[in-house]
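Peer 1: Input: one structure, supplied below.
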Amino acid sequence: MSEHQVEPHTFVIIGATGDLTRRKLLPALYH
Numbered sequence: 000m001s002e003h004q005v006e007p008h009t010f011v012i013i014g015a016t017g018d019l020t021r022r023k024l025l026p027a028l029y030h
């Protein structure tokens, strides 16, 4: 079985200091 390598990506979050980002978006990225 061959391994599938995932290439690194960069995410740009507009409004990253907002409450929604801290509560929902950042935890979803690390999950």
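Residue numbers for the sequence shown follow numbering that gives the first Met the number 0, beginning at 0 and rising by one. Yeah, the Cβ is synthetic: ideal placement off N, Cα and C, and Gly gets one too. Here the structure is a predicted model, which means the values were calculated and not measured.
1) Taking 8 Å as the line, does the beta carbon of His30 fall inside it for any heavy atom of the ligand FAD?
2) Looking only at its chain, what residues have a beta carbon closer than 8 Å to the beta carbon of Leu28, apart from the 5 residues adjacent to it on each side?
3) Within the continuous alpha helix (DSSP H) that includes Pro26, where are the two ends?
4) Pro7 to Gly17, Cα distance in whole Å?
Peer 2: Reading from the atomic positions:
1) Absence of the ligand FAD is noted for the structure shown, with no ligands found whatsoever.
2) On the sequence shown, position 29 is the one that residue 28 refers to. Counting only Cβ-Cβ distances below 8 Å, and skipping sequence neighbours, we find Phe10.
3) One-based indexing of the sequence shown puts residue 26 at position 27. That run of the alpha helix (DSSP H) goes Leu25 to Tyr29.
4) Position 8 of the sequence shown, counting from 1, holds the residue named residue 7. Position 18 of the sequence shown, counting from 1, holds the residue named residue 17. Taking the straight line joining both Cα atoms gives about 25 Å.
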